[in-house]
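Input: a single structure, listed below in C-alpha cells.
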Amino acid sequence: MSAPAVRWGILGAGGIARKLADAVTRYTASTVVAVGSRDEAKAQAFADEAGIPTAYGSYEALLADPDVDVVYVATPHSHHHEHALLAIEAGKHVLCEKAFTQNAAQAREVVAAARAKGVFVMEAMWTRHLPHVHAIRDLIARGEIGDVVSVQADHGQPIAHIERMWRPELAGGALLDLGVYPISFAYDILGKPDAITARGRLFETGVDGQVSMIFDYPSAQASLTTTMEARTACVALIGGTEGRIEVRDTFYAPTSFTVTRLDGTSWTYDGDVPNGFQFEAAEVARRIHAGDTESPLLTLDQSIEIMEIMDEVRSQIGVAFPNER
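Numbering (the working numbering), first residue to last: 1 to 325.
Here's what the structure looks like:
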C-alpha cells in the first residue's frame, strides 16, 4: 500500500489476470482501469466481475487508452512476445507473465524494443518479490547456512487435462508453464549454471509432460523437476555448509520456511500472506515512479538468461514450437 499509485490495463482476460486484478485492487494503492480481450463479451464479463470501469474488444484499443500507465500481459506465453511488443510500441510500461517469451531470441527482441523506447518492462515472476524469498536471500547473504552447495525444487500440477497444455503452437508442456518456477528459483540462488543435463518425457503432440534437470555450478548443484500429470510436494530445499533451508509447500507462493543449522539451532519464518501478486505490482509502481526501466530484483538480462536455460533444456529433451523464431 505504501508504493505509489499507477493505472493498470490488463491484456488478456484469463484466470491469472483475475489474480493480478484482485491483488492490485485489494492490496495496493493502484487501480485497474481497463481490460482488453479479442472477445469483447469476455472482456466485459471480466470487467464486471472485477469492478474494472472499461472493457475493450481488442488489445489495440486497450493500448490506445491514455489512462493506462502499465499493461499486464496475461495471454498464453506463445503470445507474450507479440503482445509485449505491441504494448511497448504504444509507449506503455509492461509486466509480462512468465515464461517471459517462448525462447531467448524473442526475449532479446522484447528487451531491445523496451530499451529503445525507454519504458519499464519486467517478467512477472511473482516469487522473486515475496516476503519469504526476500528473507531467504538475506539469510544466505549474511552466511546463516554457510556456502550454498545444493538447491532442490519441484513443481508438479495435474493440468494435463487442459487442452492448451497439449498444443505445441501455444507453447504447451510442463516446462514453460510449471518448470519456469524451479528454474527461476535456482537461478535466483545460484545464478546461471555452467552446465545443464535434462531428461524429459514427451506426449504424442511433442510437448513435454515431465522434465528432470541437473544444473552444475563450480561448487554447487541444483536438482529440479516438473510435471503436469501430478500434484507434487512443490517444496524447495537449500543446503549449505552450515545448515539448510526447507521451504514448505508451495515454495513459489507465499509460504513459510525453516532454517536448521549444524549446531542444532532451528527457527521458522512465516511468510504466509493473501494473494501475493501485490508485491510484484508494488515493485512495478515503485520503479515506474522512480523513472527506472527495469527492476534489480529481476533484470531484463536475467530474464533472457532464464530463457536461454529453458532453450537448452528443450533442445536436450527434443521440444520445439512451430511458431517460434
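Every residue gets a Cβ at the ideal spot worked out from N, C-alpha and C, and that includes glycine.
C-alpha distance - Val6 paired with Val111, whole-angstrom precision: As a working mapping, residue 6 is identified with position 6 in the sequence shown. As a working mapping, residue 111 is identified with position 111 in the sequence shown. Each residue's alpha carbon lies about 22 angstroms from the other.
Neighbour-count burial assignment, Thr258, 16 or more Cβ in a 10 Å radius: For the purposes of this step, residue 258 is taken as the residue at position 258 of the sequence shown. It counts as exposed.
Buried versus exposed call for Trp267 [16 or more other C-beta atoms within 10 Å across all chains shown]: By 1-based counting over the sequence shown, the position of residue 267 is 267. With fewer than 16 Cβ atoms within 10 Å of its Cβ, Trp267 is classed as exposed.
Counterpart residues of Met213 in DSSP-defined beta bridges: Position 213 of the sequence shown, counted from the first residue, corresponds to residue 213. Note: Met213 sits in a beta bridge opposite Ala198 and Leu224.
Residue closest to Leu237, alpha-carbon to alpha-carbon, out of Phe203, Phe46 and Ile145: Counting from 1 along the sequence shown, the entry for residue 237 is found at position 237. Checked all of Phe203, Phe46 and Ile145; the closest Cα to Leu237 is Ile145.
Pro76 burial status per 10 Å Cβ neighbour count (16 or more: buried): Residue mapping note: residue 76 aligns to position 76 of the sequence shown, counting from 1. When all chains shown are included, Pro76 counts as buried.
Local conformation of Gly15 per DSSP, three classes: To locate residue 15, count along the sequence shown from 1; it is residue 15. Helix, per DSSP.
CB-CB length for Arg164 against Gly172, believed under 8 angstroms: Taking the first residue of the sequence shown as 1, we reach residue 164 at position 164. Taking the first residue of the sequence shown as 1, we reach residue 172 at position 172. Yes, they are in contact, since the Cβ atoms of Arg164 and Gly172 sit about 6 angstroms apart, within 8 angstroms.
Separation of Ala34 from Pro66, as counted between CA atoms: Taking the sequence shown and counting its residues from 1, the one referred to as residue 66 is at position 66. Taking the sequence shown and counting its residues from 1, the one referred to as residue 34 is at position 34. Answer to the nearest angstrom: the Cα atoms are 11 angstroms apart.
The segment 146-153 in contact with the segment 182-200 per 3-pair CB rule at 8 angstroms: yes
In chain order, each beta strand (DSSP E) run of at least 3 residues that lies wholly inside the segment 247-286: 256-261 and 266-270
Within 8 angstroms, strictly: CB atoms of Phe100 and Asp292: For the purposes of this step, residue 100 is taken as residue 100 along the sequence shown, with counting starting at 1. For the purposes of this step, residue 292 is taken as residue 292 along the sequence shown, with counting starting at 1. Not closer than 8 angstroms, so no.
The segment 88-97 contacting the segment 25-33, beta-carbon criterion three pairs below 8 angstroms: no
When Asp270, Glu242 and Ala41 are compared against Asp263, the one with the closest alpha-carbon: For the purposes of this step, residue 263 is taken as residue 263 along the sequence shown, with counting starting at 1. Minimum Cα distance to Asp263 is reached at Glu242.
Among Gly118, Ala281 and Arg244, nearest to Thr265 - alpha-carbon criterion: In the sequence shown, residue 265 corresponds to position 265, counting from 1. Selected option, being the one with the closest Cα: Arg244.
Coarse secondary structure for Ala45, derived from DSSP in three states: Start at 1 with the first residue of the sequence shown, and residue 45 comes out as number 45. Helix, per DSSP.
Limits of the unbroken beta strand (DSSP E) element including Met165: Residue mapping note: residue 165 aligns to position 165 of the sequence shown, counting from 1. That residue, Met165, is in no beta strand (DSSP E); it is neither H nor E in DSSP.
Given Thr225 as reference, the closest of Val235, Leu298 and Ser219 once Cα atoms are compared: Taking the sequence shown and counting its residues from 1, one reaches residue 225 at position 225. It is Val235.
Beta-carbon separation (whole angstroms), Thr227 vs Trp166, contact threshold 8 angstroms: If you number the sequence shown from 1, residue 227 lands on position 227. If you number the sequence shown from 1, residue 166 lands on position 166. With 8 angstroms as the limit, Thr227 and Trp166 do not qualify as a contact, their Cβ atoms being about 14 angstroms apart.
Whole-angstrom C-beta distance between Gly239 and Thr253, which should lie under 8 angstroms: As a first step, residue 253 must be located in the sequence shown, where it is residue number 253. As a first step, residue 239 must be located in the sequence shown, where it is residue number 239. Looking at the sequence provided, one finds Ala at residue 253 rather than Thr. Not really, about 22 angstroms apart at Cβ, beyond 8 angstroms.
Residue closest to His79, alpha-carbon to alpha-carbon, out of Val180, Gly12, Ala160 and Arg286: To locate residue 79, count along the sequence shown from 1; it is residue 79. Ranking the options by Cα distance to His79, first place goes to Gly12.
Residues near Ala43 by beta carbon distance below 8 angstroms, same chain, minus five either side: Here residue 43 refers to the residue found at position 43 of the sequence shown. Within the same chain, Ala43 has close Cβ partners Ala13, Val35, Gly36, Ser37, Ala55, Tyr56 and Gly57.
Cβ contact (3+ pairs, closer than 8 angstroms) linking the segment 126-139 and the segment 210-217: no
Same chain, Cβ closer than 6 angstroms to Ala84, five either side skipped, listed in chain order: As a working note, residue 84 is residue 84 in the sequence shown. Same-chain partners within the cutoff: Val73, Val94, Cys96 and Val110.
Any non-hydrogen atom of the ligand ADP within 7 angstroms of Tyr187 CB: The model depicted lacks the ligand ADP and carries no ligand whatsoever.
Environment of Ser219 [buried if 16+ CB atoms lie within 10 Å]: Counted from its first residue, the sequence shown places residue 219 at position 219. Flag for Ser219 reads exposed.
Identity of the residue in Ser303, Gln316, Arg18 and Val319 nearest Ala105 by Cα: As a working mapping, residue 105 is identified with position 105 in the sequence shown. Checking every option, the nearest Cα to that of Ala105 belongs to Ser303.
Environment of Ser315 [buried if 16+ CB atoms lie within 10 Å]: On the sequence shown, residue 315 is found 315 positions in, with the first residue counted as 1. Answer is exposed; the Cβ neighbour count stays below 16.
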